[in-house]
């Protein structure tokens, strides 16, 4: 069998930026405006926009003609786009440069990089290491949880979004990335040779009295098949209950959330998406249910985010599971990755998602049916006792006939 929950608890994935790919088509309604009035208003809008951009071109001209050293135009363009996106004040949106954009579209379940998960400190906007994945390049050279990214290949990354950093650090296997971390008051330098690795995504076992336990640390293209294999391995139809553990799970692509949610929900709405023009798109279960006929507990915590919240919210609203743990992270927005003409792309928030009952969980999270807090010791995790898992086992055993 795969590793027990202790292995899973080593991961504390904080505010990991979650990418959900979905395209919205925004309609335009002319209303009662005549064509001439509409064209006049469009012309006025263009003039106002051009006027608003005049200081930008002034600044560009001054830098081009007066700055001490020559500057590549691409450098200025990249900086301007980054500043424009940063002005949105949205931690989930970011500019990804042309050479980095292709790396942001990989949801295969395999990764080529150094092997860490990260979070952003909202107060300092610094990105720090949360988890060092076992048997990865980062672990081999000595990267530690709490290390703060300072430079990558000589480029200062202070103020970078997670979108930018997550595109910059990974790369082809065998290539080297030079990273300077701030550790306490000191700086540490590493030359890290990237390698390909699989995220240790699924663990399963039998806990308590014949209760199936399955944990998933991530969602990607392989997640549904991994879930099906785990359910077969624990003989779910003859088990006394199921604990589906998505603590520390930062989510993944929307398609994966739909596949996982559809495993537990036979029919009905999985989520609602609201676009900029307030139109609503309803996503329903795919009809690929496993028809589990045992009581289910879903374990969540404050790092269960995005696609994890889609699944937990749908299961809670449909009454197919009891949610136990701590209030989830609270990411209720949807991002896509539109291309730019320079070969770069934007990771941009394009809408909100709501649970089947219409609850928007952004910055609020999903409140468990049974709240069980776990106050872990500062500076590490206590793997010897898991009160949330214990509560789930006790709850399921109490429901036996």
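Numbering (the working numbering), first residue to last: -11 to 389. Note that the Cβ used here is the ideal one computed from N, Cα and C, for glycine as well.
Check: Name the DSSP beta bridge partners of residue 171, please?
Finding: 174
Notebook entry, point to check: According to the Cβ coordinates, are residue 125 and residue 181 closer than 7 Å?
Noted result: yes
Item checked: C-alpha gap between residue 178 and residue 260, whole angstroms -> The straight-line gap from Cα to Cα measures roughly 45 Å.
Check: To the nearest angstrom, how far is it from the Cα of residue 183 to the Cα of residue 165?
Finding: Roughly 11 Å separates the two Cα atoms.
Note to self: I'd like to confirm the pairing. Which residues does DSSP put opposite residue 304 in its beta bridges?
What the structure shows: By DSSP's assignment, residue 304 forms no beta bridge with any residue.
Check: With C-beta atoms as the reference, is residue 135 less than 7 Å away from residue 117?
Finding: With respect to residue 117, residue 135 sits close: the two C-beta atoms are nearer than 7 Å.
Margin query: Just verifying my parser: in three-state terms, what is the DSSP assignment at residue 368?
Written below: With a pLDDT of 46 at residue 368, under the threshold of 50, the predicted position of this residue should be treated as unreliable, though the coordinate-derived value follows. Coil at residue 368, not helix or strand.
Notebook entry, point to check: Quick one: what does DSSP say residue 403 is sitting in, helix, strand or coil?
Noted result: Residue 403 is absent from the model: the chain starts at -11 and stops at 389.
Item checked: Start-end ranges of the beta strand (DSSP E) lying completely within the stretch 322 to 351, minimum 3 residues -> If we require 3 residues or more, the beta strand (DSSP E) runs fully inside the stretch 322 to 351 come out as 333 to 342.
Checklist line | Contact set for residue 435: own chain, Cβ-Cβ below 6 Å, skip 5 residues either direction | finding: As displayed, the chain neither begins before -11 nor continues past 389, which places residue 435 out of reach and without an answer.
Check: Taking the runs of the alpha helix (DSSP H) that are 4 residues or longer, which of them lie wholly in the stretch 81 to 137?
Finding: 125 to 129
Next item on the list: Would you mind stating whether residue 356 and residue 284 have Cβ atoms separated by less than 7 Å?
Entry: no
Note to self: Give me the residue from 386, 290, 83 and 145 with the minimum Cα distance to residue 350.
What the structure shows: 290
Notebook entry, point to check: Can the beta-carbon of residue 245 be found closer than 7 Å to that of residue 299?
Noted result: yes
Note to self: Mapping the DSSP letters down to three states, classify residue 157 as helix, strand or coil.
What the structure shows: Reduced to three states, the DSSP call for residue 157 is coil.
Margin query: When you compare the stretch 266 to 282 with the stretch 321 to 329, are there three or more beta-carbon pairs, one atom per stretch, that lie closer than 8 Å?
Written below: With the cut-off at 8 Å, the stretch 266 to 282 and the stretch 321 to 329 do not touch.
Next item on the list: Rounded to whole angstroms, what's the CA-CA distance from residue 111 to residue 86? Just pull it up for me.
Entry: 29 Å
Next item on the list: With residue 378 as the anchor, note down where its alpha helix (DSSP H) starts and where it stops.
Entry: 375 to 386
Notebook entry, point to check: By the 10 Å Cβ neighbour count, where 16 or more other Cβ atoms means buried, how is residue 388 classified, buried or exposed?
Noted result: exposed
Notebook entry, point to check: Would DSSP call residue 354 helix, strand or coil?
Noted result: coil
Item checked: Burial state of residue 217 (16 or more Cβ within 10 Å) -> exposed
Next item on the list: Give every residue of the same chain whose Cβ lies closer than 7 Å to the Cβ of residue 375, excluding the five residues on either side of it in the sequence, and list them in chain order.
Entry: 360 and 362
Item checked: Cβ-Cβ distance between residue 337 and residue 315 below 7 Å -> no
Next item on the list: For residue 35, count neighbouring Cβ atoms within 10 angstroms of its own Cβ and tell me buried if that reaches 16, exposed if not.
Entry: With fewer than 16 other beta carbons inside 10 angstroms of its own, residue 35 counts as exposed.
Notebook entry, point to check: Going along the chain, which residues of its own chain have a beta-carbon closer than 8 Å to the beta-carbon of residue 202, five neighbours each way excluded?
Noted result: 190, 191, 192, 215, 218, 219, 222, 230, 231, 232 and 233
Check: Alpha carbon to alpha carbon, how far is residue 42 from residue 80?
Finding: Near 29 Å, if we compare the C-alpha coordinates of residue 80 and residue 42.
Next item on the list: Compare the C-beta of residue 172 with all C-beta atoms of chain D and state if any pair is closer than 7 Å.
Entry: The chain labelled as chain D is not found in the depicted structure, where only one protein chain is given.
Notebook entry, point to check: Under the DSSP definition of a beta bridge, which residues are partnered with residue 263?
Noted result: 339
Next item on the list: Could you name the residues of the same chain whose beta carbon sits closer than 7 Å to that of residue 306, not counting the 5 residues immediately before and after it, in chain order?
Entry: 253, 256 and 344
Next item on the list: Could you please give the first and the last residue of the uninterrupted alpha helix (DSSP H) stretch that includes residue 54?
Entry: 42 to 54
Next item on the list: Compute the Euclidean distance between the alpha carbons of residue 346 and residue 318, then round it to the nearest angstrom.
Entry: One C-alpha to the other measures close to 15 Å.
Check: Can you tell me whether DSSP reads residue 232 as helix, strand or coil?
Finding: strand
Checklist line | For residue 120 and residue 148, the rounded distance between their alpha carbons | finding: 20 Å
Note to self: Using only the alpha-carbon positions, how far apart do residue 377 and residue 335 sit?
What the structure shows: 36 Å
Next item on the list: Can you say whether residue 131 is buried or exposed, counting buried as having 16 or more other CB atoms within 10 angstroms of its CB?
Entry: Classification for residue 131: buried.
Checklist line | Under the three-state DSSP convention, the category residue 292 falls into | finding: DSSP places residue 292 in coil when its eight states are reduced to three.
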